[in-house]
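Residue numbers (the numbering used here): -8 to 119.
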């Protein structure tokens, strides 16, 4: 997990910066890039490489995070087997989860400049 840990204490969905929030960019009326994080819903999968040995996996993680940074996103990476509905044997780097497919699609479109192969997947994250 990246240096900016997701705050999942007490089961609350919190923004990446640790402050409770609405997950909306009030100035524009759309989901913000510091969206609320949920354990279930629609995920934007920005990368899904195979599960690699630790040194290669760390290098891959750094590359994926760096690729998404110019678009203002910080994906969360974990084993696909921890997500219901995801194919096992992969590392998945995701944004979300979002309550609706439309919200996830909006974020996928915004992230597509940095991750053109991003796709949507519905599921539940089992956690650490």
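Think of the CB as a built atom: it goes at the ideal place given N, C-alpha and C, for glycine as much as any other residue. These figures come from a predicted structure and were not determined experimentally.
Buried versus exposed, by CB contacts within 10 Å (16 or more), residue 66: buried
Coarse secondary structure for residue 14, derived from DSSP in three states: Its pLDDT being 42, under 50, residue 14 is placed unreliably in this model, and the value from its coordinates should be taken loosely. Coil.
Whole-angstrom distance between residue 68 and residue 82, CA atom to CA atom: 7 Å
Residues sharing a beta bridge with residue 115, DSSP: 31 and 75
For residue 55, the nearest candidate out of 115, 113, 116 and 103 (CA to CA): 103
Length of the line joining the Cα atoms of residue 118 and residue 34: 14 Å
Cutoff 7 Å; reference residue 79; Cβ partners in own chain excluding five residues on either side: 71 and 72
Exposure label - residue 46; buried when at least 16 CB within 10 Å: exposed
CA-to-CA distance, residue 112 to residue 57, given in whole angstroms: 22 Å
Where the alpha helix (DSSP H) through residue 59 begins and ends: 45 to 59
Residue environment, residue 75, which counts as buried when at least 16 other CB atoms sit within 10 Å: exposed
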